[in-house]
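Below is one structure, written out as structure tokens; the observations come after it.
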Amino acid sequence: MRERRGYGKANLLGVKSDDHDITRLQRNLKDRFLIEESILQFTDDEIHQVIDFFKTRVWDGVQAATSSFEVSGEEGHSNLLRQCIARRRMHWLSKILRTRFLELLRRRRSKLPPLDYSDNEDCTFQPGMFVFVNEWPKNDPRKIAYTGIATISSISKNKWNRNVFELSLSDGKFIESVPEAVVTIPTHDDFKDAPKRTHSNWMKWKKQADLPRMRLKVLKGFDTIQWDPSFVWNILAGLGSGSSEMQTTILQSMRWELSEELLFLLMKNKRLSHPFDEKIWCPISVSLITKCLHLIADFLLMGRDKKILCEAFMGLARDAANTMKDIINESENASLVGNLAFVDKSNEQNAAYVIAESVDVNKLALEDYLNKPQPLDLDWYLVHQVILAVHPLASLIDWGSSAGTGNPLYSIHKTSTNVGLEDSSYLNFYTLKDEEWHPLLCD
4 MRERRGYGKA NLLGVKSDDH DITRLQRNLK DRFLIEESIL QFTDDEIHQV
54 IDFFKTRVWD GVQAATSSFE VSGEEGHSNL LRQCIARRRM HWLSKILRTR
104 FLELLRRRRS KLPPLDYSDN EDCTFQPGMF VFVNEWPKND PRKIAYTGIA
154 TISSISKNKW NRNVFELSLS DGKFIESVPE AVVTIPTHDD FKDAPKRTHS
204 NWMKWKKQAD LPRMRLKVLK GFDTIQWDPS FVWNILAGLG SGSSEMQTTI
254 LQSMRWELSE ELLFLLMKNK RLSHPFDEKI WCPISVSLIT KCLHLIADFL
304 LMGRDKKILC EAFMGLARDA ANTMKDIINE SENASLVGNL AFVDKSNEQN
354 AAYVIAESVD VNKLALEDYL NKPQPLDLDW YLVHQVILAV HPLASLIDWG
404 SSAGTGNPLY SIHKTSTNVG LEDSSYLNFY TLKDEEWHPL LCD
């Protein structure tokens, strides 16, 4: 059954449309995993067809649409926005296609063609190559001139230092001393009178002979579709100050687009579980994850100093922790405790609950808490809803070291200190796991 993206039966049951950012993101993440699963089964021929389609049928139009800033009206702005997103998604698709393509080459232990490999249509004749003979020998009454398909058996030089071939025919006969001038590269039409077996063998040979050219074409196609880091700057500048609303819309949409890519990486590498799931993350955490994703998106789209980015990360974590402390420690803030609540939609009541202070995780129904407030587990919230929300996102970045001190610019222990976590013993196990993580984003 098709799930409509703005209306339909599912919406009557509480499913929101694509106008709701998080709902759209969660739906698109499922699509991205399905797309990757499909691409990772492609053959090199299929990858070549996709990249060729992108280059010849899609890329020029998208590039032209995102290079012209003379747009007006709601329809023109909407089209520009769609094309900007399309440009980014083509880049994302090309990365997965490149990964699959290189994997196929490694499996076959094939070498990549050199960058200076000629991809023109010129071809050097070689033994084993199929050729089309045009009436040879000529003017020899002793022999009947042959026109048709042959295979080069050997190549030698005549007295004028020009190539002459010995050719073998499909019936086992040979033609000697055939000059290069009377042979050409065959086409499909040249095989209309040849045996089917000969045509089949030529197709296999042609595919192998064209492999270096095809591989280079695919690799160049990846480079063509690659994302331009200056793209957002150029398009915002091109729109001008008179289109500030459109600038804001494009930047915000691109933030969400990159947020999808970042969450896809984190989920694929099992670093962040079920982002935005109300049963796992409270509203404050959802807001924190969203803000951190947008920070990294801005870093990738617009460029930003890593030290400033790290300080912004710490600031967001600290603000979320302080909000939690205020709600938990101040009894008059009981009405705000819903910001710490989780929702289990597996039952009909969509029961909301909070985590009370206990040796074991103790789920306390929100309604019961409001009727009779109990101490909530602040340390649990700081660990599971702040630190373990921020840290997987931070693991995307290769932070490097602080200038002068040589200390890591970012670490999970710095985050725990920053949010005021007094007992960080739980994080010892997590740190061991963290040491195996490598940055998922390259500079």
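Under our numbering, the first residue of the sequence shown is numbered 4, with each subsequent residue one higher.
Note that beta-carbon positions come from the ideal geometry of N, C-alpha and C, so glycine has one too.
If you measure between the beta carbons of residue i and residue j, is that distance less than 8 Å?
{"i": "residue 194", "j": "residue 152", "result": "yes"}
{"i": "residue 422", "j": "residue 389", "result": "yes"}
{"i": "residue 1", "j": "residue 290", "result": "Residue 1 lies beyond the residue range present for the chain, which begins at 4 and ends at 446; the question has no answer from this structure."}
{"i": "residue 254", "j": "residue 242", "result": "no"}
{"i": "residue 359", "j": "residue 380", "result": "yes"}
{"i": "residue 261", "j": "residue 399", "result": "no"}
{"i": "residue 292", "j": "residue 396", "result": "yes"}
{"i": "residue 68", "j": "residue 83", "result": "yes"}
{"i": "residue 173", "j": "residue 201", "result": "yes"}
{"i": "residue 45", "j": "residue 110", "result": "no"}
{"i": "residue 393", "j": "residue 429", "result": "no"}
With a CB to CB cut of under 7 Å and the five nearest residues on each side skipped, what residues in its chain are close to residue i?
{"i": "residue 158", "result": "128, 130, 166, 168"}
{"i": "residue 180", "result": "167"}
{"i": "residue 227", "result": "58, 62"}
{"i": "residue 24", "result": "259"}
{"i": "residue 162", "result": "none"}
{"i": "residue 326", "result": "287"}
{"i": "residue 382", "result": "424, 426"}
{"i": "residue 39", "result": "99"}
{"i": "residue 217", "result": "51"}
{"i": "residue 196", "result": "151"}
{"i": "residue 29", "result": "279"}
Taking the alpha-carbon positions, what's the residue i to residue j distance?
{"i": "residue 265", "j": "residue 86", "result": "20 Å"}
{"i": "residue 118", "j": "residue 323", "result": "Bear in mind that a pLDDT of 45 at residue 118, under 50, signals an unreliable position, so the number given afterwards is only what the model happens to contain. In a straight line, the C-alpha of residue 118 is about 51 Å away from that of residue 323."}
{"i": "residue 220", "j": "residue 51", "result": "8 Å"}
{"i": "residue 406", "j": "residue 345", "result": "41 Å"}
{"i": "residue 19", "j": "residue 27", "result": "8 Å"}
{"i": "residue 440", "j": "residue 408", "result": "23 Å"}
{"i": "residue 489", "j": "residue 294", "result": "This structure gives no information on residue 489, because the portion of the chain shown stretches from 4 to 446."}
{"i": "residue 43", "j": "residue 235", "result": "30 Å"}
{"i": "residue 263", "j": "residue 274", "result": "15 Å"}
{"i": "residue 418", "j": "residue 401", "result": "16 Å"}
{"i": "residue 203", "j": "residue 65", "result": "39 Å"}
{"i": "residue 89", "j": "residue 32", "result": "16 Å"}
{"i": "residue 222", "j": "residue 101", "result": "8 Å"}
{"i": "residue 188", "j": "residue 271", "result": "48 Å"}
{"i": "residue 112", "j": "residue 296", "result": "38 Å"}
{"i": "residue 56", "j": "residue 231", "result": "20 Å"}
{"i": "residue 281", "j": "residue 48", "result": "43 Å"}
{"i": "residue 300", "j": "residue 354", "result": "34 Å"}
{"i": "residue 343", "j": "residue 356", "result": "9 Å"}
{"i": "residue 403", "j": "residue 320", "result": "20 Å"}
{"i": "residue 209", "j": "residue 132", "result": "9 Å"}
{"i": "residue 41", "j": "residue 310", "result": "39 Å"}
{"i": "residue 250", "j": "residue 34", "result": "27 Å"}
{"i": "residue 333", "j": "residue 70", "result": "54 Å"}
{"i": "residue 298", "j": "residue 81", "result": "25 Å"}
{"i": "residue 247", "j": "residue 391", "result": "36 Å"}
{"i": "residue 431", "j": "residue 365", "result": "23 Å"}
Given residue i, which residues of its chain have a CB within under 8 Å of its CB, disregarding the five upstream and five downstream residues?
{"i": "residue 160", "result": "166, 167"}
{"i": "residue 1", "result": "Residue 1 lies beyond the residue range present for the chain, which begins at 4 and ends at 446; the question has no answer from this structure."}
{"i": "residue 92", "result": "260"}
{"i": "residue 257", "result": "87, 88, 91, 235, 300, 304"}
{"i": "residue 183", "result": "128, 165, 166, 167, 168"}
{"i": "residue 384", "result": "285, 327, 331, 343, 358"}
Between which residues of its own chain and residue i is the CB-CB distance below 6 Å, once the five residues before and five after are set aside?
{"i": "residue 125", "result": "Per-residue confidence for residue 125 stands at a pLDDT of 42, beneath the threshold of 50, marking its modelled position as unreliable; no derived number is given."}
{"i": "residue 347", "result": "282, 354"}
{"i": "residue 54", "result": "221, 224"}
{"i": "residue 447", "result": "The first residue shown for the chain is 4 and the last is 446, placing residue 447 beyond what the model contains."}
{"i": "residue 107", "result": "47"}
Can you find a C-beta in chain B that's less than 8 Å from the C-beta of residue i?
{"i": "residue 171", "result": "Among the protein chains of the structure shown there is no chain B, as only one such chain exists."}
When every heavy atom of the ligand FMN is checked, does at least one fall within less than 7 Å of the C-beta of residue i?
{"i": "residue 94", "result": "By its list of ligands, the structure shown contains no ligand whatsoever, and the ligand FMN lies outside what it can speak to."}
Can you list the beta strand (DSSP E) stretches of 3 or more residues lying completely in the stretch 156-235, in chain order?
-> Counting only runs of 3 or more residues that sit fully inside the stretch 156-235, the beta strand (DSSP E) segments are 166-171, 177-182, in chain order.
Which residue spans inside the stretch 275-321 form an unbroken alpha helix (DSSP H) run of at least 4?
-> Counting only runs of at least 4 residues, the stretch 275-321 fully encloses the following alpha helix (DSSP H) elements, listed from N- to C-terminal order: 286-305.
Which parts of the stretch 369-431 are runs of the alpha helix (DSSP H), unbroken and 4 residues or longer, counting only runs that do not cross its ends?
-> Runs of the alpha helix (DSSP H) inside the stretch 369-431: 369-374, 381-384, 391-397, 415-421.
Ignoring anything shorter than 3 residues or poking outside the stretch 31-89, list the beta strand (DSSP E) runs there in chain order.
-> Segments of the beta strand (DSSP E) lying fully in the stretch 31-89: there are none.
Take every Cβ of the stretch 303-317, pair it with every Cβ of the stretch 403-419, and state whether three or more of those distances are shorter than 8 Å.
-> Judged by Cβ distances under 8 Å, the stretch 303-317 makes contact with the stretch 403-419, as three or more pairs qualify.
When the Cβ atoms of the stretch 369-384 are set against those of the stretch 303-314, are three or more pairs found closer than 8 Å?
-> The answer is no - the stretch 303-314 does not touch the stretch 369-384, with fewer than three Cβ pairs under 8 Å.
Segment contact, 8 Å Cβ cut-off, at least three pairs: the stretch 138-148 with the stretch 96-113 | Judged by Cβ distances under 8 Å, the stretch 138-148 makes no contact with the stretch 96-113, as fewer than three pairs qualify.
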